[in-house]
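Right, one structure below, let's go through it.
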Amino acid sequence: MILVTGGAGFIGSNFVLDWLAQGGEPLLNLDQLTYAGNLENLASVEGDARHLFVRGDIGDSELVAGLLRQHRPRAVLHFAAESHVDRSILGPAEFVETNVVGTFRLLEAVRAYWRELPEGEARAFRFLHVSTDEVYGTLGPDDAAFSETNAYAPNSPYAASKAASDHFVRAYHHTYGLPTLTTNCSNNYGPFQFPEKLIPLMIANALDGAALPVYGDGRQVRDWLYVGDHCAALRRVLEAGRPGATYNIGGWNEKANIEVVHALCDALDAAVPKAGAGYRAQIKFVADRPGHDRRYAINAGLIERELGWKPAHTFETGLRRTIAWYLDHAGWVANVRSGEYKKWMERNYGDRDGLRSALPVK
Ligand code: NAD
Ligand code: DAU
Numbered sequence: 426m427i428l429v430t431g432g433a434g435f436i437g438s439n440f441v442l443d444w445l446a447q448g449g450e451p452l453l454n455l456d457q458l459t460y461a462g463n464l465e466n467l468a469s470v471e472g473d474a475r476h477l478f479v480r481g482d483i484g485d486s487e488l489v490a491g492l493l494r495q496h497r498p499r500a501v502l503h504f505a506a507e508s509h510v511d512r513s514i515l516g517p518a519e520f521v522e523t524n525v526v527g528t529f530r531l532l533e534a535v536r537a538y539w540r541e542l543p544e545g546e547a548r549a550f551r552f553l554h555v556s557t558d559e560v561y562g563t564l565g566p567d568d569a570a571f572s573e574t575n576a577y578a579p580n581s582p583y584a585a586s587k588a589a590s591d592h593f594v595r596a597y598h599h600t601y602g603l604p605t606l607t608t609n610c611s612n613n614y615g616p617f618q619f620p621e622k623l624i625p626l627m628i629a630n631a632l633d634g635a636a637l638p639v640y641g642d643g644r645q646v647r648d649w650l651y652v653g654d655h656c657a658a659l660r661r662v663l664e665a666g667r668p669g670a671t672y673n674i675g676g677w678n679e680k681a682n683i684e685v686v687h688a689l690c691d692a693l694d695a696a697v698p699k700a701g702a703g704y705r706a707q708i709k710f711v712a713d714r715p716g717h718d719r720r721y722a723i724n725a726g727l728i729e730r731e732l733g734w735k736p737a738h739t740f741e742t743g744l745r746r747t748i749a750w751y752l753d754h755a756g757w758v759a760n761v762r763s764g765e766y767k768k769w770m771e772r773n774y775g776d777r778d779g780l781r782s783a784l785p786v787k
């Protein structure tokens with residue numbers, strides 16, 4: 426079997442569902458169920474005997490050692506993390522705890538397990554660390570896209586914590602020979618994304634009649650990848666990636682934030698027309714994110730050449746699917762926007778100029 430950490434979050438749950446749908450082997454899913462983890466994401470595999478869920482912390486060394494001993498996975502895919510840049514700005518400590526210390530403890534438990542495996546199993550074992558393009562810092566408008574050899578220059582506490590975890594993974598390969606794989610991916614979007622991130626936040630606020638809070642001038646550029654394409658890339662890296670290697674994953678799809686928000690508004694105008702002005706009228710430019718990276722772009726040439734992976738979705742097809750999913754899953758959205766979410770919205774947006782109207786959550 427394989428062990429997945431963070432498999433109740435956005436990308437992790439998409440990975441688990443895809444893995445099982447494609448006839449994959451049994452999977453042990455270790456997730457602490459923080460605000461971002463949601464068992465509702467996994468409801469469709471509830472009766473599937475190949476999915477074993479354990480609620481727990483990657484930093485609980487005893488728990489992880491016991492799970493490894495008992496289930497003897499052939500690979501670990503490490504998704505679990507604190508993942509939201511704005512939260513890292515308002516409270517960096519948890520990012521150090523989970524992303525740095527948690528990853529370190531997980532690596533220690535895995536190293537102890539791996540070292541006792543019979544030679545053939547040890548050679549075939551893989552630790553796949555799921556990371557981000559944000560470790561490379563920010564680009565100017567004409568800079569070349571990030572490649573695997575770019576120097577690390579993380580700018581937010583989130584990016585710094587992911588960079589630190591990448592360095593530990595690298596060191597465990599270099600020093601102990603642990604067969605690691607690291608992937609650095611660009612911005613994902615798709616089903617089950619928590620509505621604190623740009624695309625699902627804008628969809629939810631638009632349908633609520635609330636403000637669509639665009640940070641700064643909205644000209645920051647991100648490279649967008651449909652989550653299903655990320656999952657396919659991870660399966661391929663697990664299958665054929667070179668131990669010790671890093672692979673950048675991206676969609677060749679750079680867009681300014683304001684273009685993304687316009688595309689969402691126009692798609693919603695067509696799908697859920699409303700009286701009066703269209704959804705674009707709800708856009709509000711608000712105080713910028715401190716230290717906001719201006720541009721990310723991924724050169725995904727290595728994974729294409731070496732492993733033959735390419736994204737299957739364009740931004741248009743991915744966005745269409747994503748919007749349809751959110752429109753069909755109003756119950757899921759309502760559930761995740763209760764409780765802690767309201768406090769988060771108040772905390773992050775309450776002090777941004779002119780933004781009381783971003784707050785009402787039904
Ligand atoms: P997410 O915030 O939606 O999910 C994180 C999951 O990890 C949640 O289910 C949470 O309960 C779990 N978790 C958190 N702390 C834990 C702990 N101590 N022990 C066990 N489980 C814990 O995140 P996501 O967007 O799905 O991102 C998954 C991974 O992919 C992260 O490592 C992130 O850095 C990376 N990544 C994300 C993106 C993106 O666009 N979302 C892009 C590139 C890389
Ligand atoms: O690049 C990969 C990263 O992408 C992942 O590692 C992170 O886990 C993931 O959260 C994402 O980080 P971003 O900061 O790029 O994503 P976010 O959706 O928070 O923001 C996307 C852009 O939209 C960013 O430039 C900030 C802007 N934004 C975001 C929010 C939430 C707004 O203008 N308004 C908003 O309310």
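Start counting the sequence shown at 426; every next residue gets the next number (the numbering used here). Quick reminder that beta carbons are idealized off the backbone N, C-alpha and C, glycines included.
Determine the DSSP secondary structure at residue 463, reduced to helix, strand or coil. Indexing the sequence shown from 1 puts residue 463 at position 38. DSSP places residue 463 in coil when its eight states are reduced to three.
Which same chain residues end up closer than 6 Å to residue 621 when comparing Cβ atoms and leaving out the 5 residues on each side of it in sequence? Residue numbering aside, residue 621 sits at position 196 when the sequence shown is read from its first letter. Counting only Cβ-Cβ distances below 6 Å, and skipping sequence neighbours, we find 509.
Write down the C-beta distance between residue 638 and residue 751 rounded to the nearest angstrom, noting that I regard them as a contact closer than 8 Å. Along the sequence shown, read from residue 1 onward, the residue named residue 638 stands at position 213. Along the sequence shown, read from residue 1 onward, the residue named residue 751 stands at position 326. Their Cβ separation, rounded to whole angstroms, is 18 Å, which puts residue 638 and residue 751 out of contact at 8 Å.
With DSSP as the reference, label residue 699 as helix, strand or coil. Residue 699 sits at position 274 when you count from the first residue of the sequence shown. If DSSP states are grouped into helix, strand and coil, residue 699 belongs with coil.
For residue 762, the first and last residue of its enclosing beta strand (DSSP E): Stepping through the sequence shown from its first residue, residue 762 is reached at position 337. Residue 762 -> no beta strand (DSSP E), and no H or E assigned at all.
With distance defined between alpha-carbon atoms, name the residue in 672, 580 and 593 nearest to residue 526. The count along the sequence shown starts at 1 and reaches residue 526 at position 101. Out of 672, 580 and 593, 593 has the C-alpha closest to the C-alpha of residue 526.
Please determine whether the Cβ atom of residue 558 lies at a distance below 7 Å from any heavy atom of the ligand DAU. Stepping through the sequence shown from its first residue, residue 558 is reached at position 133. Because some heavy atom of the ligand DAU lies under 7 Å away, the Cβ of residue 558 counts as near it: yes.
Between the alpha carbons of residue 663 and residue 432, how many angstroms are there, rounded? Residue 663 sits at position 238 when you count from the first residue of the sequence shown. Residue 432 sits at position 7 when you count from the first residue of the sequence shown. Answer to the nearest angstrom: the Cα atoms are 16 Å apart.
Note down the Cα distance separating residue 694 from residue 446, rounded to an integer number of angstroms. Within the sequence shown, numbered from 1, the residue matching residue 694 stands at position 269. Within the sequence shown, numbered from 1, the residue matching residue 446 stands at position 21. Those two C-alpha atoms are separated by around 33 Å.
Would residue 658 and residue 683 be called neighbours here (beta carbons separated by less than 8 Å)? If you number the sequence shown from 1, residue 658 lands on position 233. If you number the sequence shown from 1, residue 683 lands on position 258. No.
DSSP has residue 679 in a bridge; who is on the other side? Numbered from its first residue, the sequence shown carries residue 679 at position 254. Under DSSP, residue 679 takes part in a beta bridge, and its partners are 648.
Exposure of residue 515, with buried meaning 16 or more beta-carbon neighbours within 10 Å: In the sequence shown, the residue the question calls residue 515 occupies position 90. With a 10 Å radius around the Cβ and a threshold of 16 neighbouring Cβ atoms, residue 515 comes out exposed.
Is the beta carbon of residue 496 sitting closer than 8 Å to the one on residue 426? For the purposes of this step, residue 496 is identified with residue 71 of the sequence shown, where counting begins at 1. For the purposes of this step, residue 426 is identified with residue 1 of the sequence shown, where counting begins at 1. Contact flag set, yes.
What residue range is occupied by the uninterrupted alpha helix (DSSP H) comprising residue 748? As a working note, residue 748 is residue 323 in the sequence shown. Where residue 748 is concerned, the enclosing alpha helix (DSSP H) stretches over 740-753.
At which residues does the beta strand (DSSP E) containing residue 612 begin and terminate? Numbered from its first residue, the sequence shown carries residue 612 at position 187. Its beta strand (DSSP E) spans residues 612-614.
If distances are taken between C-alpha atoms only, which option among 619, 478 and 523 comes closest to residue 769? As a first step, residue 769 must be located in the sequence shown, where it is residue number 344. Residue 769 has its Cα closest to that of 619, out of 619, 478 and 523.
Inter-residue Cα distance where the pair is residue 766 and residue 434: By 1-based counting over the sequence shown, the position of residue 766 is 341. By 1-based counting over the sequence shown, the position of residue 434 is 9. A straight-line Cα-Cα distance of about 15 Å links residue 766 and residue 434.
If the criterion is Cβ atoms closer than 8 Å, does the pair residue 581 and residue 513 meet it? For this step, residue 581 is matched to residue 156 along the sequence shown. For this step, residue 513 is matched to residue 88 along the sequence shown. Inclusion of residue 581 and residue 513 in the CB contact set at 8 Å is warranted, their separation being smaller than that value.
What I want to know is whether the C-beta of residue 427 ends up closer than 7 Å to one or more non-hydrogen atoms of the ligand NAD. On the sequence shown, position 2 is the one that residue 427 refers to. The answer is no for residue 427.
What is the residue span of the beta strand (DSSP E) that residue 556 lies within? By one-based count along the sequence shown, residue 556 stands at place 131. Where residue 556 is concerned, the enclosing beta strand (DSSP E) starts and stops at 551-557.
In whole angstroms, what separates the C-alpha of residue 490 from that of residue 500? As a first step, residue 490 must be located in the sequence shown, where it is residue number 65. As a first step, residue 500 must be located in the sequence shown, where it is residue number 75. Each residue's CA atom was taken as its position, placing residue 490 and residue 500 some 14 Å apart.
Per-residue burial, residue 494 [other beta carbons within 10 Å of its own, 16 or more giving buried]: The residue given as residue 494 occupies position 69 in the sequence shown. With fewer than 16 other beta carbons inside 10 angstroms of its own, residue 494 counts as exposed.
Of all the CB atoms in chain D, is at least one closer than 8 Å to the CB of residue 428? Included in the structure is just one protein chain, with no chain D present.
Helix, strand or coil for residue 773? Go by DSSP, reduced to three states. Walking along the sequence shown from the start, residue 773 turns up at place 348. Looking at residue 773 - three-state DSSP - the assignment turns out to be helix.
From residue 777 to residue 679, what distance separates their C-alpha atoms? Here residue 777 corresponds to residue number 352 of the sequence shown, with the count starting at 1. Here residue 679 corresponds to residue number 254 of the sequence shown, with the count starting at 1. Cα-Cα distance, rounded: 27 Å.
Sorry if obvious, but does the Cβ on residue 596 come closer than 7 Å to a heavy atom of the ligand NAD? Walking along the sequence shown from the start, residue 596 turns up at place 171. False, no ligand heavy atom lies under 7 Å from that Cβ.
For the 8 Å Cβ check, are there 3 or more pairs between the segment 437-451 and the segment 467-486? Touching, yes.
Considering only DSSP beta bridges, list what residue 624 is partnered with. Here residue 624 refers to the residue found at position 199 of the sequence shown. Bridge partners of residue 624: none, in fact.
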